[in-house]
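Take a look at the structure set out below.
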Amino acid sequence: MAENEKVDRYYRGIKKDIRVQVALSRVNTLDAVIEVAERTDEILYSSRRHGSYLGSSSAPRSGPRPMDIGSIPRRPQQQFQPRRTYAQAVAGPRRFPRLTPDERQRLIESNGCFYCRGTGHVASDCPLKRRNNQRPPQRR
61 MAENEKVDRY YRGIKKDIRV QVALSRVNTL DAVIEVAERT DEILYSSRRH
111 GSYLGSSSAP RSGPRPMDIG SIPRRPQQQF QPRRTYAQAV AGPRRFPRLT
161 PDERQRLIES NGCFYCRGTG HVASDCPLKR RNNQRPPQRR
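This note's numbering numbers the first residue of the sequence shown as 61 and each following residue consecutively.
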C-alpha cells in the first residue's frame, strides 16, 4: 500500500476536530500525521478532563452537555400499592373478609348468606348484593 493511501485511511479514521488540526499542519507522511494527531488529541482531550480547553472560545459549545441533577424537582415518593387482578377490578371493593372454614360451616347449617353473613337467605338472593349490583334475584 502506498504511503499516501495509508495517510488517507488514517486521516479518515480520526476525530473531526483532530483531522482539522492535522490538515492545518500540512504534514504528508504517516508518521508525521500520527504524531500531530496524537499531540492534538492530548492537548484537546486531556485538558477537558482537567476543566480547561485551550481551543475554547466564548461561543457556547454545540452538542451534549451534562445535566444539572439538582435542578430536577423531586416528587414525593408514593407508597407502593400492588395492582389489582382482573377479578378484583370486576368485583369492585370487598366489603367483607373471606369466609373462614368455621364460618362457612356455620352459614351452611343456618341457611346463611355467604355474601353478607346474614341468615334467612342465600347469596344469590341477598338483598344487599342485589342493591349493589342492581340485578333481580335468581330463582332456581
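Cβ coordinates follow ideal geometry from the N, Cα and C atoms, glycine included.
Would DSSP call residue i helix, strand or coil?
{"i": "Thr100", "result": "helix"}
{"i": "Pro161", "result": "helix"}
{"i": "Arg166", "result": "helix"}
{"i": "Asn88", "result": "coil"}
{"i": "Ala62", "result": "coil"}
{"i": "Arg79", "result": "helix"}
Taking the alpha-carbon positions, what's the residue i to residue j distance?
{"i": "Tyr70", "j": "Pro124", "result": "27 Å"}
{"i": "Ile168", "j": "Cys186", "result": "15 Å"}
{"i": "Val82", "j": "Ala97", "result": "6 Å"}
{"i": "Asp68", "j": "Lys76", "result": "14 Å"}
{"i": "Ile103", "j": "Lys66", "result": "24 Å"}
{"i": "Gly180", "j": "Arg166", "result": "13 Å"}
Which residue or residues does DSSP assign as beta-bridge partners of residue i?
{"i": "Gly180", "result": "BP columns for Gly180 are empty, so no partner."}
{"i": "Val73", "result": "In the sequence on display, residue 73 carries Gly and not Val. In DSSP, Gly73 forms no bridge with anything."}
{"i": "Gly172", "result": "Thr179"}
At the 8 Å Cβ level, is residue i part of the contact set with chain D, yes or no?
{"i": "Arg79", "result": "Of the protein chains in this structure there is only one, and it is not chain D."}
Determine the closest residue to residue i out of the options, with distance taken between C-alpha atoms.
{"i": "Asn64", "options": "Arg158, Cys176 and Val87", "result": "Val87"}
{"i": "Pro85", "options": "Ala62, Ile74, Thr100 and Cys176", "result": "Checking the displayed sequence, the identity of residue 85 turns out to be Ser instead of Pro. Among Ala62, Ile74, Thr100 and Cys176, the Cα nearest to that of Ser85 belongs to Thr100."}
{"i": "Tyr105", "options": "Ile78, Glu163 and Pro126", "result": "Ile78"}
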